[in-house]
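Following: one structure in structure tokens, then a few remarks.
Residue numbers (the numbering used here), protein chains in the order written: chain Z, 1 to 112; chain S, 113 to 227.
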């Protein structure tokens, strides 16, 4: 069962621009996680934001969480060609067995 | 370097054949997971294991089987009962089962195709 939905499905921007991806979910969560997947590779964990947090930063990454709107956004500032990848959000539901529920991902292409 | 190793990277299955995908981790993680990824979709959970000699079905377990005889190893068998096995299979692990704020660590996947 999928609960996270990323928007847009695909995004193409120039190097140096900022990239924003959004994730919406349906039911109450314990936390929300963002992962990156380079083509043909496994996923790499980027950031985890807990349900009682509103914003987290890690380097050029900024994640926000709005539990009233059941949505999160991932901002990548000053994008680089190496940021080209698919980005997935995954939620851990409240009162669950802590499985991750995955969205379908946003494919990000950074043009040099 | 600690990590998760999946093998083989590419695998081809003939009609009626069972194939086994290997997943080994040296992270000393208790929990391990198998996911299936199809184009344009998110990951779907096949099986997970929180401790040696125990595993649970995920959302799409039909046609798959697993074992967890050692902490480090969690092989996945795609049986002939799985009629549409072509996909990218990802193995993951996390430190402590039952703890919500734990990221998962992934291997580099096995791409399975039908001959």
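The beta carbon of each residue, even a glycine, is placed where N, CA and C say it ideally should be.
Check, Outcome
"Of the listed residues Z/31, Z/60, Z/37, nearest to residue 109 of chain Z (C-alpha basis)", "Z/37"
"Contact check, residue 189 of chain S vs residue 225 of chain S, beta carbons under 8 angstroms", "no"
"Beta carbon proximity, residue 218 of chain S to chain Z, threshold 8 angstroms", "yes"
"Short Cβ contact (8 angstroms threshold) for residue 187 of chain S with residue 119 of chain S", "no"
"Inter-residue spacing [alpha-carbon to alpha-carbon] between residue 63 of chain Z and residue 75 of chain Z", "6 angstroms"
"Euclidean distance between Cα positions of residue 99 of chain Z and residue 124 of chain S", "29 angstroms"
"Neighbourhood of residue 164 of chain S by C-beta distance below 6 angstroms, restricted to the same chain and skipping five residues each side", "180, 183"
"Contacting positions in the region 116-127 of chain S - beta carbon closer than 7 angstroms to chain Z", "none"
"Segment limits, beta strand (DSSP E) that includes residue 56 of chain Z", "55-58"
"Alpha-carbon spacing of residue 153 of chain S relative to residue 104 of chain Z, whole angstroms", "4 angstroms"
"Interface partners of residue 187 of chain S on chain Z, CB under 8 angstroms", "In chain order: nothing, as chain Z lies at least about 17 angstroms away."
"Residue 80 of chain Z - containing beta strand (DSSP E), residue span", "Segment: none, residue 80 of chain Z is in no beta strand (DSSP E) and carries neither H nor E."
"Residue from S/114, S/208, S/132 with nearest C-alpha to residue 144 of chain S", "S/208"
"Contacts around residue 31 of chain Z, its chain only, beta-carbon distance under 7 angstroms, and the 5 residues preceding and following it disregarded", "48, 49, 50, 51, 92"
"Helix, strand or coil at residue 207 of chain S [DSSP, three-state]", "coil"
"When Z/25, Z/69, Z/86, Z/58 are compared against residue 77 of chain Z, the one with the closest alpha-carbon", "Z/58"
"Selection from S/140, S/220, S/167 that minimises the alpha carbon distance to residue 203 of chain S", "S/220"
"Selected residue, minimal CA-CA separation from residue 149 of chain S, among Z/112, Z/101, Z/111", "Z/101"
"For residue 119 of chain S, the first and last residue of its enclosing beta strand (DSSP E)", "116-119"
"Spatial distance of residue 80 of chain Z from residue 218 of chain S (CA atoms)", "23 angstroms"
"C-alpha gap between residue 161 of chain S and residue 168 of chain S, whole angstroms", "6 angstroms"
"Cβ shell of residue 127 of chain S (< 6 angstroms), same chain only, five flanking positions each side left out", "none"
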